[in-house]
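Q: This structure is in structure tokens; I'll ask about it shortly.
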Ligand SMILES: [Zn+2]
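Residue numbers (my numbering): 214 to 365.
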């Protein structure tokens, strides 16, 4: 895979991966989850879902899961883009944006990353995917931050 994949191709590949997993969850009788699909600068994609336990203080979001998958597979990699898809009750729901912790992680591992926020709606016979995709830069979502902490 190469980094030449454009945003349109990235969105299509992310859609396929999210639908594959959503079908598995449906077959298991589960509800939909938020998904994140990260793309490193090499063009490789990494999926994430929220890690949810009975002790919420130890949970973490799909975006950080996907970024950590990237860092595990490609140590030192830079985040090029991340798509965040949230289950929504209908197509008019505005796409939520990442939380503060995820905005920090996105900016730390991809200062120039593109952040695509969208939704998907469960239907009886499938899903309506990505009715609206909102595009941000990492800096737009995390402006004027004080840089990354240094412990030296
Ligand atoms: Zn988050």
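Virtual Cβ for every residue (Gly too), placed ideally from N, Cα, C.
Cα separation between residue 333 and residue 359?
A: Between residue 333 and residue 359, the C-alpha separation is close to 34 Å.
Q: Please name the residue or residues paired with residue 266 in a DSSP beta bridge.
A: None; residue 266 has no bridge partner.
Q: Ligand 1 and residue 326: does any heavy atom of the ligand fall closer than 6 Å to the residue's C-beta?
A: False, no ligand heavy atom lies under 6 Å from that Cβ.
Q: Between residue 301 and residue 291, what straight-line distance do the alpha-carbon atoms span, to the nearest angstrom?
A: Roughly 30 Å between the two C-alpha positions.
Q: Just the Cα atoms here: how many angstroms apart are residue 276 and residue 251?
A: Rounded to the nearest angstrom, the two C-alpha atoms are 8 Å apart.
Q: What does the Cβ neighbour count give for residue 293, buried or exposed, with the cut at 16 atoms within 10 Å?
A: Burial call: buried.
Q: Just verifying my parser: in three-state terms, what is the DSSP assignment at residue 319?
A: Residue 319 falls in the helix class under three-state DSSP.
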